[in-house]
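Read through the structure below, which is laid out as structure tokens, and then see the notes.
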Amino acid sequence: MNIYLVRHGETDYNKERLLMGQLDIPLNELGLSQAEKVGRVLENKKLSKIYSSDLQRASKTAEIINNSQDIPLELIANFREHTLGKMDGMKWSPEWDEMELNEFEERILSKGGESFTHFEKRIWDTFVKITENHSIDENLLIITHGGCIRMIIMKIFQATEEIFSNLSIDNCSITKIIYLPQRKIHKYRIININSNWYME
297 MNIYLVRHGE
307 TDYNKERLLM
317 GQLDIPLNEL
327 GLSQAEKVGR
337 VLENKKLSKI
347 YSSDLQRASK
357 TAEIINNSQD
367 IPLELIANFR
377 EHTLGKMDGM
387 KWSPEWDEME
397 LNEFEERILS
407 KGGESFTHFE
417 KRIWDTFVKI
427 TENHSIDENL
437 LIITHGGCIR
447 MIIMKIFQAT
457 EEIFSNLSID
467 NCSITKIIYL
477 PQRKIHKYRI
487 ININSNWYME
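Residue numbers (my numbering): 297 to 496.
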């Protein structure tokens, strides 16, 4: 099974480095164009189903990709981005780059945000459940958010949070994963990360 993970197109919040979290922010003009470009790349991938976060920046990206294909599309609330609580909507602060992970999490939790443990479980459990419910000869597309894609990569690599922090996932980039259900361990194999050559 081929699984294509695509981050949503650009929003004005991305452009201004504002934290979106679970705020429902629309795509901007560039984001709409990016969705059209990645849609053309995915036209010949013989997709069986599309899953998308239900936040509009993701669901609109999915809709544009699906314009010419008419593939079954399901919106999944569990694929929403990590929420930072009252910090959603704030501009990213350089001081946060210097914080230890536990220190930053304490800041998030104090603002009513989601713990990293809960976020990790929410994303990974949903990803595994979806892939296990499809046959090996199907190809899936998942439209979600940068943090969600980084979390899936981190879990496949069985890596520490440092990998999560050091990964960059661009708007409408493609991360390709192969699912090998016949294997007892290492069932997911990453083929590429953050591919976006078609944006040039």
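We treat Cβ as the ideally placed atom computed from N, Cα and C, and that holds for glycine.
- Residue burial is scored here from C-beta neighbours: Asp366 has fewer than 16 other C-beta atoms within 10 angstroms and is therefore classed as exposed.
- In the DSSP assignment, Leu436 falls within the unbroken beta strand (DSSP E) covering Asn435 to Thr440.
- Less than 8 Å separates the beta-carbon of Ile439 from that of Ser349.
- The C-beta distance from Gln330 to Thr379 rounds to 24 Å, too long to meet the 8 Å contact threshold.
- For the pair Asn362 and Arg418, the CB atoms are not nearer than the 8 Å cut-off.
- Annotation for Tyr494: no beta strand (DSSP E) segment contains it, and DSSP assigns it neither H nor E.
- Burial is judged here by how many other beta carbons sit within 10 angstroms of a residue's own beta carbon; Asn310 has at least 16 and is buried.
- The continuous alpha helix (DSSP H) containing Glu416 extends over residues Phe412 to Glu428.
- With the rule of 3 Cβ pairs closer than 8 Å, the region 381 to 390 does not count as touching the region 337 to 344.
- Note that the C-beta distance between Pro477 and Ile426 is not below 8 Å.
- Note that the C-beta distance between Thr357 and Gly442 is not below 8 Å.
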